[in-house]
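Undergrad: Okay, here's the structure, questions in a sec.
Numbering (our numbering), first residue to last: 999 to 1095.
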């Protein structure tokens, strides 16, 4: 029983950490769900900005623009932010080449 409870606690801990994605910009933090203008105010202009494409939302079939913004390299890492419909939906980090 103790193993089960410990395993469940670890699963919840790691599961919640994956959901709380943030990025530090100086003394500011940006998080998934932030608007593009909020990210730009906190982090400045991105080093690179790409229009990836468009997607359709649920039943009302509205079209949303998908963009990727790249920040860095910082300590050898790039931060790639994906926006859908002007909202931050994903933060990735990758080693720069």
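C-beta atoms are modelled at their ideal positions from N, C-alpha and C, and glycine is treated no differently.
Keep in mind that this is a model prediction, so the values were computed, not measured.
Between residue 1020 and residue 1088, what straight-line distance do the alpha-carbon atoms span, to the nearest angstrom?
TA: Residue numbering aside, residue 1020 sits at position 22 when the chain shown is read from its first letter. Residue numbering aside, residue 1088 sits at position 90 when the chain shown is read from its first letter. Taking the straight line from one Cα to the other gives about 9 Å.
Undergrad: Can you give the Cα-Cα distance for residue 1057 and residue 1083, rounded to whole angstroms?
TA: Position 59 of the chain shown, counted from the start, is the residue given in the question as residue 1057. Position 85 of the chain shown, counted from the start, is the residue given in the question as residue 1083. One C-alpha to the other measures close to 16 Å.
Undergrad: Look up residue 1043 in the DSSP assignment and say whether it is helix, strand or coil.
TA: What you label residue 1043 is simply residue 45 of the chain shown in a count that begins at 1. It is coil, neither helix nor strand.
Undergrad: Let me check one thing: in DSSP terms, what residues is residue 1048 bridge-paired to?
TA: For the purposes of this step, residue 1048 is taken as the residue at position 50 of the chain shown. Per DSSP, 1066.
Undergrad: Using the C-alpha atoms, what's the distance from residue 1093 back to residue 1046?
TA: For this step, residue 1046 is matched to residue 48 along the chain shown. For this step, residue 1093 is matched to residue 95 along the chain shown. Looking at the two C-alpha atoms, the distance is approximately 16 Å.
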